[in-house]
Amino acid sequence: MAFHPVPGHALGHVHAAKTFAAMTIAIIGLIIFAYLAALVMAARVARHTGLVLPWLLIILAVGFLIVHQVYGLYLLWGGNGTAPGLWAEVTDTMVAALILGSLIVIAKAFVAARRTERALRESRAQFRALVDHSPAKIHIKDRDGRYLVINRQSERLVRLREEEVIGKTSFDLFPHDMAATFHAHDMAVVRENRPIEREEQFPIDGELRTYLTVKFPIHDTSGKVIAVGSMGTDITERKRVESALRHSEEQFRNLVEGSIQGVMIHRGLRPLFVNRAWVDIFGYGDPAEILAMESVLPLISEAWRARFAQHYNAASSVSARPPEREIAGIRRDGSLVWFEHYARPVVWDGEGAVQSVVVDVTARKQMEEQLRLARDEAELASRAKSEFLANMSHELRTPLNAIIGFSELIRDQRIGPIGNAKYAEYASDIFSAGQHLLEVINDILDLSKIESGTEALNEQEIDVADLLYTSMVMVRQRAQANDITLECDPIGDFPALRADLRKMKQILINLLSNAIKFTPAGGTVRLSAGYGMAEGVRFQVSDTGIGIAAEDIPKALAPFQQVESSLSRSHEGSGLGLPLAKALVEMHGGTLELESEPGRGTTVTVRLPARRLIQPPSRAEQVVAGG
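Residue numbers in the sequence shown follow the working numbering, run continuously in steps of one, and reach 1414 at the last position.
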């Protein structure tokens, strides 16, 4: 094969063609990439904006332009064009690419604007939802006080829709004084350029309700105040609760401050509160002096501090503590003060504490001490009296027995006849007086022994029927001498009694003698007895005598006392009969009761416990025997 050299101008065309081909391929690739990017952008714009058709038309137009340019390049590549035509075509293609790029930039800007607009709408919707569903009243006013925004809570407050309120001022909606207050608050925000907090009142359904309102400035981009925002919360109920709490606290304080009991609240023994009474009890002038103390213990006597602290610690863990009686405290002047201490846990300022209540018992303590001394002195005097009476009784009985004996000899003329009968009469009077005096001395001696505690019971088994009979015999002669009818009710089958026989006789004889003494001639004195499972043994002496007034009964039962009456003045007596009988009954564990009425007589009832019965009655015998 022969080799033919290529002409120089042909080689130049070949190199130009190769260069053009490379540029064409690059441009086509760039155009295709731009087209694909335009398709993606169109899809995004369509998804976010919903504008599908306009973007499809743009994409189709751009696609047609790209196809046109590629086809033109193809024709040139096929050899139908010249180099200048080729560069013109390339230039057109580059212009088309530039236009396509510009369209893409415009599309992106449009998408961004639409996205911002949508975000703004969503933000406004969220803001509106938040504002309208807030329990607070919210509104925005411009600098001139005209409403720009109000929420639903504010609509309910003014009873108008938002569109009816926008552009109006507070003076259009509220009474002038109230509106002036609101406007002054708004202007304070504008003037001071800072939030303020105020309590404002609004009439709602005929009731003035209180709102806690926070007003704040709203600025433009330059920082200038262009509006005033307001958020208000209804605190009417809270104000009522606070008022009730203040009233309750005032009542509590008045109650505590007016109390005569000292009240202290302390935590860890450190005083937190004291009332006036506490300050006065401990001799201080000002509560601040006590509140400044690190501990309450300096107010307590050193010997009692451990017990007080123990009482405090116990009160910290239980609901209440019984009173700790008679704790000794120290007044400011150093003197002792005695008080009862009550402690219980409380809550003070939101934390646990202990409330101490003290009752000043210093006066009572002093009175008790005086009573103790007086009691000791009285007991000493009583013992001295009893010893004196016992000694005197013994000393008197010796010569008295001689007087009684000799007067009896003279009265009965046992040594020989008396010349003058008057001597025998006088001797009889001496004998009677001596016997009476001996009885009085014996009663005094018995009573003194009982009071001194030296008298004891000599218990034995007693036949009650025999006891009643013997007692009646001992007073029968005296009753007959005074024309008194003496009666004894039958007692039937009566169980035996365990008691002191001599003292039981002394009881009944004293009661019978007393009844005979104060019963006029022609009267009746009755003795009865009974028993029962519930009441035990009962003895009763009743008469139809002069009786005793109710207010004189305690006097009749007191030693050496007599109730004034015509009969008492005409009869001898020491006033020991009833008191001695009562003391003897109480020695047996029983009681003596006296019922009387002036002009109708007296009934004395002696009751002994059932344990004194040796043979307790059966259930069928529980009715009182003998009456």
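A virtual CB, placed ideally from N, CA and C, is assigned to each residue, including glycine.
query = In or out: Asn938 buried (at least 16 other Cβ within 10 Å) or exposed?
reply = Counting Cβ neighbours within 10 Å, Asn938 comes out buried, since at least 16 surround it.
message = Among the candidates Leu1056, Asp1067, Arg1054, whose CA atom is the shortest distance from the CA of Gly1045?
response = Looking at the Cα atoms, Asp1067 is the closest of the given residues.
task = Confirm, please, whether the CB-CB distance from Leu1284 to Leu1400 is below 8 Å.
result = In this structure, Leu1400 places its C-beta atom within 8 Å of the C-beta atom of Leu1284.
inquiry  = Suppose you measure from the CA of Leu1254 to the CA of Ala1266; what does that come to, to the nearest Å?
reply    = Cα to Cα, the separation comes out at about 18 Å.
message = I'd like to know whether the C-beta atoms of Ser1194 and Gly1221 end up nearer to each other than 8 Å.
response = Taking 8 Å as the cut-off, the Cβ atoms of Ser1194 and Gly1221 count as close.
Nearest candidate by alpha-carbon position, reference Leu1381, set Arg943, Asp1330, Lys895 = For the options Arg943, Asp1330, Lys895, the alpha carbon positioned closest to that of Leu1381 is the one of Asp1330.
ask   = How big is the Cα-Cα spacing for Ser1173 and Lys1236?
value = As the crow flies, the alpha-carbon of Ser1173 is around 7 Å from that of Lys1236.
ask   = Any idea if Gly1310 is buried or exposed, counting beta-carbon neighbours within 10 angstroms, 16 or more meaning buried?
value = Gly1310 should be labelled buried.
inquiry  = Quick check on DSSP: helix, strand or coil for Tyr1071?
reply    = DSSP, reduced to helix, strand and coil, places Tyr1071 outside both helices and strands of the structure shown, so it counts as coil.
ask   = At what residues does the beta strand (DSSP E) containing Lys928 begin and finish?
value = From DSSP, the beta strand (DSSP E) with Lys928 extends over 924-929.
ask   = Who pairs with Ala1286 in a beta bridge, going by DSSP?
value = Ala1286 is bridged by DSSP to Gln1247.
request  = On the DSSP bridge assignment, give the partners of Ile937 in chain order.
outcome  = In DSSP, Ile937 forms a bridge with His926.
inquiry  = Between which residues of its own chain and Leu1288 is the CB-CB distance below 7 Å, once the five residues before and five after are set aside?
reply    = Cβ within range, chain order: Gln1247, Ile1249.
request  = Quick one: grab the DSSP three-state call for Thr1306.
outcome  = Note: Thr1306 maps to coil in three-state DSSP.
Completely contained beta strand (DSSP E) runs for the segment 1135-1163, where each covers 3 or more residues = You should have 1138-1147.
query = Quick one: Cα of Tyr1213 to Cα of Pro1204, how far?
reply = Taking the straight line from one Cα to the other gives about 14 Å.
request  = Check whether the Cβ atoms of Arg1394 and Glu1322 lie closer than 8 Å to each other.
outcome  = At a Cβ-Cβ threshold of 8 Å, Arg1394 and Glu1322 count as neighbours.
query = Taking the C-alpha atoms as reference points, what is the distance between Met1291 and Gln1153?
reply = Roughly 43 Å between the two C-alpha positions.
message = Output needed for Asn1269: all residues of its chain with C-beta closer than 7 Å, excluding positions within five of it in sequence on either side, in chain order.
response = Excluding residues up to 5 positions away in sequence, Ile1303, Ala1308 lie with their Cβ nearer than 7 Å to the Cβ of Asn1269 in the same chain.
request  = Using a Cβ cut-off of 8 Å (strictly closer), state whether Ala1161 contacts chain D.
outcome  = Checking the listed chains, one finds no chain D in this structure; it contains a single protein chain.
inquiry  = Quick check: Val1083 and His1053, are their CB atoms within less than 8 Å of each other?
reply    = By the CB criterion at 8 Å, Val1083 and His1053 fall inside the cutoff.
key: Proximity of Val1012 and Arg930 at Cβ, strictly below 8 Å   = A contact, by the Cβ cut-off of 8 Å.
inquiry  = What does the Cβ neighbour count give for Ala1102, buried or exposed, with the cut at 16 atoms within 10 Å?
reply    = The residue in question, Ala1102, is buried, as its Cβ has 16 or more Cβ neighbours within 10 Å.
key: Boundaries (first-last residue) of the beta strand (DSSP E) holding Thr1272   = Per DSSP, the continuous beta strand (DSSP E) segment holding Thr1272 begins and ends at 1272-1275.
query = Going by beta carbon distance, what residues of the same chain come within less than 7 Å of Val1146, once the five residues before and after it are set aside?
reply = Within the same chain, and ignoring the five residues on either side of Val1146 in sequence, the residues whose Cβ sits closer than 7 Å to its Cβ are Gln1048, Phe1126, Glu1127.
ask   = When DSSP labels each residue in this structure, what does Thr956 get in the three-state scheme?
value = Looking at Thr956 - three-state DSSP - the assignment turns out to be coil, as it is neither helix nor strand.
inquiry  = With the cut-off set at 8 Å, would you say Ser1180 and Leu1232 are in Cβ contact?
reply    = Contact: yes.
ask   = How big is the Cα-Cα spacing for Ala786 and Ala967?
value = Beyond the ends of the chain as shown, which are 788 and 1414, falls residue 786; an answer cannot be given.
query = Gln1222 by DSSP, collapsed to three states: which one?
reply = Reduced to three states, the DSSP call for Gln1222 is helix.
key: Proximity of Ile925 and Met1051 at Cβ, strictly below 8 Å   = No, they are not a contact pair.
request  = Specify the secondary structure class of Ser910 as computed by DSSP and reduced to three states.
outcome  = In this structure, Ser910 counts as helix in the three-state DSSP scheme.
ask   = Between Leu1365, Leu1086, Tyr998, which lies nearest to Asp1021 when the distance is taken from Cα to Cα?
value = Nearest C-alpha to Asp1021: Tyr998.
ask   = Per DSSP, Lys1002 is paired with what?
value = DSSP, once it has assigned bridges, lists Ile983, Ser1017 as partnering Lys1002.
ask   = In chain order, what residues of the same chain have a beta carbon less than 8 Å from the beta carbon of Leu944, not counting five sequence neighbours either side?
value = Only Lys924, Phe989, Ile991 meet the Cβ criterion.
task = Please confirm whether Phe1003 and Val976 have their CB atoms less than 8 Å apart.
result = Yes, the Cβ-Cβ distance between Phe1003 and Val976 is below 8 Å.
ask   = Any heavy atom of the ligand SAM closer than 7 Å to the CB of Phe1218?
value = Because no ligand of any kind appears in the structure shown, any question about the ligand SAM cannot be addressed here.
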